[in-house]
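Chains as they are written, first to last, in our numbering: chain L, 7 to 312; chain A, 502 to 750; chain V, 4 to 330; chain X, -18 to 362.
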Amino acid sequence: MTFVLLAEQILNGIQFGIMLFLMAAGLTLIFGVMGLINLAHGSLYMIGAFSAAAVAGMTGSFILALLAALTASAAAGALVELLVIRRLYNKDHLDQVLATFALILIFSEGTRWIFGSFPLFLDIPDPLSGPVTIPGGIQYPLYRLVLIGAGLFISIGLGFMITKTRIGIQIRAGENDREMIAALGINISGLYTLIFSLGAALAGLAGALVGAIQSVQVGMGEPVLILAFVVIVIGGIGSIKGALIGALLVGLTDTLGSIFLPELLKLVTDPSTATSIGSSLSSMAIYILMGAILIWRPTGLFGIKP
Amino acid sequence: MNNIVLSTKGLTKHFGALSASKNITLDLRVGEIHAIIGPNGAGKSTFISQVCGSIKPDNGTVHFLGRDVTQETVRDRAQAGLARSFQISALAMEDSVLQNALLGALGASRNPWRFLSPALGNKMLVEQAKHALDRVGLSDHANKRASELSHGQRRQLEVGIALTLSPKAFVMDEPMAGLGFEGSMKMTSFLNRLRQEAPILLVEHDMEAVFALADRISVLVYGEVIATGTVEEIRADPYVRDAYLGEEL
Amino acid sequence: MMREYYLNTIILGIFIIIPIWAFIMDEPFTITLMTRAAIFALAAVGLNIALGLGGLVSLGHATFFGIGGYSMGILAYHAQTFTPLMEWPILVSGSKLMPLIWINAVIMSAVAGLLIGILSLRTSGVYFIMITLAFGQMFFFFSISWSAYGGEDGLSIYIRNSFPGLNTLVPIHYYTLCITLLCAVLWINSRLIKSPFGIALNAARQVPARVETVGLNPVRLKLAAFIMSGTVTGLAGALFADLNRFVSPTMFSWQTSGEIMVFVIIGGVGRLFGPVVGALVFVALEHWLGGLSDFWHIYLGLLLLGIVLFGRGGLIGMICGEARLHE
Amino acid sequence: MKLGTLALKSALISAVTVLSSAAMAGTKVGMITTLSGGGAGLGIDVRDGFMLAIKQSGRSDIEVVIEDDQRKPDIAVQLADKMVQSEKVDVLTGIIWSNLAMAVVPSVTAQGKIYLSPNAGPSPLAGAGCHPNYFNVAWQNDSLHNAGGAYAQSEGYKDVFIMAPNYPAGTDALNGFKALFEGDVASEVYTKLGQTDYASEIAQIRASGADAVYFFLPGGMGISFLKQYSGSGVDIPVIGPAFSFDQGILQAVGAAALGVRNTSQWNKDINTPTNKAFVGSFLAEYDRLPSLYASQGFDTANLLLSALETASVSDNIGFRSALKAANFTSVRGDFKFGSNNHPIHNVYIREVVREGDIFTNKIIGKVLSDHGDPYSKDCKM
């Protein structure tokens, strides 16, 4: 295991984590402020990826594709919030899980109906394709570096928005005390719609950005959704800081686990078994991590104690 | 002093910078009603929660029946015979009044692990529950859903559940709230008789009831007991009048 | 509003009349569909113990469904290949006998329920939903890579396991077994609701603080409910595997957990026959809507959404109104 | 899910068929295949290839019932029950995936039905679990991986990085590769099934110093890997089985796949009249180039048709020997069944090229001739 390989893997883990954060940030905000579990967040990720792929296919422009992803997912988010989600705020978690599970079915089948069962493709724009050499002699795909940069930029922006702006103050007020924002005379339903479509836009952006290095297909959102849930549960639901740390933790555990676990096992057993068991363990690793953290701290790392 | 059933010594609890209880020392003796009064936010509920075990104190001890129970759970204390009624009704609202009372009887029997025989077919449990309902005047409502009870009736059921436990001491958080005049009168006379069965630590806002019932009164202000004494002593205490009773008297 | 009792009788009637009709008309596939509905119903009745009575929103009940399935798969696989299941410390061989498989499924699910329950019940609310989901995912990924028993490919059992006195390969015989088990569990469940345990559990769901102040342990009550719930769903898993003569990691997937939950919700949470109605409606929709449109999941989604938003208490709630008190 | 029942009934033609001795009562075929969800493209191609051959035969006494298994084993099993119990079919076919085949085939063959596999060839069904009612018209799963190993050997690669998802077909794939490859394995990596990001594996490839990469990543996994690989700057040559480079999927992979060598028993440029006619008529009928899967569906139907010429399905033993004779012209060229009813055929190496706007394959050489599978020795029937 050379330094170069290790450094590259850490970068991979960070890149994965940052993309998870874009998903998780929306989820955790929506839960923190509105108290809603949204399983359909993965569908918004998928909507972002499909809109980007469709627009890129028509215009050939990656920028337009990203804009389309943002607009489409934010619009879908706002629409869903107005039609369905706002009726769920006062219901229990069970109803929320079920209703948003129903939304997954509707979105997935609807997308399949419109775009068919075959995967779409979205290419990395030429200026961003290919590898670059970064200090330390590491060759790394430029696009992935851009993803890390973009993700960090958005995280900082989000942090700024939450701590410094009027909207952010309202959001934090809403997390602490829902009645308080009503007392402050803030238009709650407007604020809720705004937060929901902000979360949706972040998910859609993540879908489009990641879609360029993966295949864009129906059902792409659910695996990411589950990971994003793992992230916010580890971080503590409602905490943006927790989501960021949780996302990086999950990204690094997943990436490094799949490399180190087989290597570690090779010390005690033959290579073939080691690879096989090692990769099984690594696919369970983040869930084991999550289970362990919840058993240690039942409300996650930065969660509010009951 | 073996007529002391329940006592606290130096109970102290901080929530961040706020001290909810400061060095509270008081006791509850056989056959008495000891009332805790104080303005809103004085720390009465926090104190009761520490007595019953749902909040652990930072400092100080709770003794029940001569035993240090400070580290014991709510359940341990309940099983030892400490019965609590809640300020905000904690009832199984979807269930019938009788089922709520049955829960108490079930707790007293300490054996909920019976899976196939209907609880209503168990004579002993049902008798116990019905008897308790009878005593708090809810027999006519036994088959109503708890959610259909009036606010006052819910308070009565709270006390009824406590009764099924045949406890050694009661801790009651505002049992008169919402009872109305007649209800308050009935409850007052009921508690008056109940003290012979087991002493009552009573938190109450209804001063008339408190002065009618209490053998002793402790006044809690900002988490501190500023005075303890008989009704007359408390009425006469200028400090108490100043801090709390004000023009009410 | 119809009395729930009458509705339940009608539902049981459907489960008896349709298969008999199908048997007379020689429509074995209809019997297979009814068997599927009965097994799904059993799985959901299991979940309903945790969900409806205990208030435990478990998004990981596929764990038990899968454990039941693999109990059947592993035992039958060893019997089929004449290899011992275990040689040390004692020799254990596989089995193709259903009662043995069922007992094994129940015990394994109970053990899993105990372990998962103890850890998960430290949390509550959303965290509970998510930790049960995480356990489900652990089992899912483990089963995918457990190559000894087929991994992702799953295990195929060539001939359905046997039950003394019946030819289980005949659809009506196997159906009889499944419906008998379903009825037995429903009967136990109806007793359970009214038992001292049921009353205590019911209160533990609504007001855990009250349960604690009468000296009972609400977490332990919920744990017991979670274990019972798991064993019933595990039993259903063993039956499902035998219906298909096949087990695979799909049984562990979170979509399976979601579907079991959907059965309960469609029918009505906490209602004795809620899961049964839900499973029946689901299998019927799958069959009829699936025949009409490729995209039948859209309609299923809309139906679910309608029930959550507008129908309090699922289909049973819509027909019979609010649940009656258990008198 | 009933997508379409094709019953070509015409009084005139059926009168003719009644006269032809073989299939008096008509033949009912049940096709269970994947028509929705991930991997639907494969099922659609098998179906279209199969139905094209049935249509070209002009026979009206063959009814094909088609159902969608959604790539879920339990649905497939349920459909198989329905086909056998309710539709009462004589022959089953269509399954794409090995795990679904393992769930369905043993039980339907045990119930006396004929099963013709147009795609999956899991090793248990070729070895100890073989059955006289089971015929595989595509390949045994190892076939293309054996060829991958043989090709790497013939190219003189010394140190190969091999990779597959962590599931039985993945393990089989890598073992299949190693069977005919004598050089070193730089590293053997198992990825998660359904994995979409291969950054970590690509980093390992970069660090490994291997002189070639062999990978088996079916479906969307292959698309993701190739797109990421081509953007990573690693330029170690890549070899794989046909599955990730087939006609249906190549357009999604795009230029990233250009130049990749892959193994296949068929390609559209195999120069036989049968194949040319197939490619032309498929293009005319469906307005797209046929894929490997379409060719397998077409072969499967033609095998069935050839057997129906000489025997009736009701005569199980006679029909089986008619199938075993494989008296039809496969679009892949030479074809016969081995003792375990699995194909013995040639396997070629192809290269991904661009023809106008379309990415496609061309054959650049033959890797294995008359290749069977190693499991036939375990098959006792």
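The beta carbon of each residue, even a glycine, is placed where N, CA and C say it ideally should be.
With a threshold of 8 Å on Cβ separation, who are the neighbours of X:S(-5) within its own chain once the five nearest residues in sequence on each side are excluded? Start at 1 with the first residue of the fourth sequence, and residue -5 of chain X comes out as number 14. Caution applies to X:S(-5), whose pLDDT of 36 falls short of 50 and renders its modelled position unreliable; the value that the coordinates give is listed next. Closer than 8 Å at the Cβ level, and outside the excluded window around X:S(-5), lie S41, D42.
Given V:Y178 as reference, the closest of V:A25, V:T12, V:I13 once Cα atoms are compared: In the third sequence, residue 178 of chain V corresponds to position 175, counting from 1. For V:Y178, the nearest C-alpha among the options comes from V:A25.
Return the CA-CA distance between X:P103 and X:F316, expressed in angstroms with no decimal places. Taking the first residue of the fourth sequence as position 1, residue 103 of chain X is located at position 122. Taking the first residue of the fourth sequence as position 1, residue 316 of chain X is located at position 335. Computed Cα separation, rounded: 19 Å.
Taking 8 Å as the cut-off, decide whether the C-beta atoms of X:G129 and X:P222 are in contact. Within the fourth sequence, the letter at position 148 stands for residue 129 of chain X. Within the fourth sequence, the letter at position 241 stands for residue 222 of chain X. The answer is yes: Cβ separation under 8 Å.
For the segment 286 to 299 of chain L against the segment 257 to 267 of chain L, are there 3 or more C-beta pairs whose distance is under 8 Å? yes
So with Cβ pairs under 8 Å, would you call V:I147 a contact of chain X? On the third sequence, residue 147 of chain V is found 144 positions in, with the first residue counted as 1. V:I147 counts as touching chain X.
Contacting positions in the segment 168 to 189 of chain V - beta carbon closer than 8 Å to chain X: P174
Alpha-carbon spacing of X:K257 relative to X:N122, whole angstroms: For the purposes of this step, residue 257 of chain X is taken as the residue at position 276 of the fourth sequence. For the purposes of this step, residue 122 of chain X is taken as the residue at position 141 of the fourth sequence. Taking the straight line joining both Cα atoms gives about 26 Å.
Run down chain A in chain order and give the residues with a C-beta less than 7 Å from the C-beta of V:V210. On the third sequence, residue 210 of chain V is found 207 positions in, with the first residue counted as 1. Residues of chain A passing the Cβ test: A591, L592, A593.
Should L:P277 be flagged as near chain X, meaning a C-beta pair shorter than 8 Å? One-based indexing of the first sequence puts residue 277 of chain L at position 271. Yes, contact with chain X.
X:V141 versus X:Y195 - alpha carbon distance: Here residue 141 of chain X refers to the residue found at position 160 of the fourth sequence. Here residue 195 of chain X refers to the residue found at position 214 of the fourth sequence. Near 7 Å, if we compare the C-alpha coordinates of X:Y195 and X:V141.
DSSP state of V:I230, grouped into three classes? Locating residue 230 of chain V in the third sequence gives position 227, where the first residue counts as 1. Looking at V:I230 - three-state DSSP - the assignment turns out to be helix.
In angstroms, rounded to a whole number, what distance separates the CA positions of L:A59 and L:A209? Here the question's residue 59 of chain L lines up with position 53 in the first sequence. Here the question's residue 209 of chain L lines up with position 203 in the first sequence. Between L:A59 and L:A209, the C-alpha separation is close to 15 Å.
For L:D101, go through chain V and note every residue whose CB falls closer than 7 Å to its CB, in chain order. Reading the first sequence from its first residue, position 95 is the one you call residue 101 of chain L. By Cβ distance, chain V contributes V311.
Chain A contact for V:A159 (CB, 8 Å cutoff): Position 156 of the third sequence, counting from 1, holds the residue named residue 159 of chain V. Per the sequence presented here, residue 159 of chain V reads as Ser, with Ala not at that position. No, V:S159 lies away from the interface with chain A (no Cβ there is under 8 Å from its Cβ).
What are the start and end residues of the alpha helix (DSSP H) that includes A:K545? Working through the second sequence from its first residue, we reach residue 545 of chain A at position 44. Unbroken alpha helix (DSSP H) run through A:K545: 545 to 553.
Report the residues of the segment 136 to 166 of chain X with a CB closer than 9 Å to any CB of chain V, ordered along the chain. P146, N147, Y148, P149, A150, G151, T152
Within-8 Å CB hit, L:F124 to chain X: Along the first sequence, read from residue 1 onward, the residue named residue 124 of chain L stands at position 118. It does: the Cβ of L:F124 has a partner Cβ on chain X nearer than 8 Å.
Pick from X:Q134, X:Y329, X:P99: whose alpha carbon is nearest that of X:S245? If you number the fourth sequence from 1, residue 245 of chain X lands on position 264. Per the Cα distances, X:Y329.
Name, going along the chain, the residues of the segment 235 to 254 of chain V whose beta-carbon falls closer than 7 Å to a beta-carbon of chain X. N247, R248, F249, S251, T253
V:G213, enclosing alpha helix (DSSP H) - first and last residue: As a first step, residue 213 of chain V is located in the third sequence; it is residue number 210 there, counting from the start. Note that residue 213 of chain V is Arg in the sequence shown here, rather than Gly. Note, V:R213: alpha helix (DSSP H), 211 to 216.
Secondary structure, alpha helix (DSSP H): runs of 4+ residues fully inside the segment 617 to 682 of chain A: 624 to 636, 652 to 665
DSSP three-state assignment for V:M89, whether helix, strand or coil: In the third sequence, residue 89 of chain V corresponds to position 86, counting from 1. In the structure shown, V:M89 sits in a strand (DSSP, three-state: E or B).
Would you say L:P304 lies against chain V (beta-carbon separation less than 8 Å)? The residue you call residue 304 of chain L lines up with position 298 of the first sequence. For L:P304, the answer is yes, since a Cβ of chain V falls inside 8 Å of its Cβ.
Could you give the DSSP three-state label for L:G48: helix, strand or coil? Within the first sequence, residue 48 of chain L is the residue found at index 42, counting from 1. If DSSP states are grouped into helix, strand and coil, L:G48 belongs with the helices.
List the residues of chain L whose Cβ lies closer than 8 Å to the Cβ of V:H300, in chain order. Counted from its first residue, the third sequence places residue 300 of chain V at position 297. Ordered by position in chain L, the residues that pass the 8 Å Cβ test against V:H300 are L111, I112, S114, E115.
Taking only three categories from DSSP, how would you classify V:S260? What you label residue 260 of chain V is simply residue 257 of the third sequence in a count that begins at 1. Correct three-state label for V:S260: helix.
Quick test of your reading: X:G203 and X:E332, contact by CB under 8 Å. State the CB separation rounded to the nearest angstrom. Counted from its first residue, the fourth sequence places residue 203 of chain X at position 222. Counted from its first residue, the fourth sequence places residue 332 of chain X at position 351. So it is not a contact: roughly 16 Å between Cβ atoms.
Just verifying my parser: in three-state terms, what is the DSSP assignment at X:P324? Position 343 of the fourth sequence, counted from the start, is the residue given in the question as residue 324 of chain X. X:P324 falls in the strand class under three-state DSSP.
To test your reading of the DSSP string, which unbroken beta strand (DSSP E) runs of 3 or more residues are found completely within the segment 101 to 146 of chain L? 137 to 140
Can you name the residues of chain V whose CB is closer than 8 Å to the CB of A:G605? As a working mapping, residue 605 of chain A is identified with position 104 in the second sequence. Going along chain V in sequence order, the residues near A:G605 (Cβ under 8 Å) are V217.
C-alpha gap between A:W614 and V:S232, whole angstroms: Indexing the second sequence from 1 puts residue 614 of chain A at position 113. Indexing the third sequence from 1 puts residue 232 of chain V at position 229. For A:W614 and V:S232, the distance between alpha carbons rounds to 16 Å.
Are there 16 or more other CB atoms within 10 angstroms of the CB of A:D569, so buried, or fewer, so exposed? Position 68 of the second sequence, counting from 1, holds the residue named residue 569 of chain A. So A:D569 ends up on the exposed side.
In chain order, what residues of the same chain have a beta carbon less than 8 Å from the beta carbon of L:I43, not counting five sequence neighbours either side? On the first sequence, residue 43 of chain L is found 37 positions in, with the first residue counted as 1. The answer, listed in chain order, is F37, H99, Q102, V103, T106.
The beta strand (DSSP E) that contains X:T14, what's its start and end? Residue mapping note: residue 14 of chain X aligns to position 33 of the fourth sequence, counting from 1. Unbroken beta strand (DSSP E) run through X:T14: 8 to 14.
Near X:A3, what residues of its chain come up, given a Cβ to Cβ distance below 8 Å and the 5 sequence neighbours on each side ignored? Here residue 3 of chain X is taken as the residue at index 22 of the fourth sequence, counted from 1. Bear in mind that the predicted position of X:A3 carries a pLDDT of just 39, short of 50, making it too unreliable to give a figure here.
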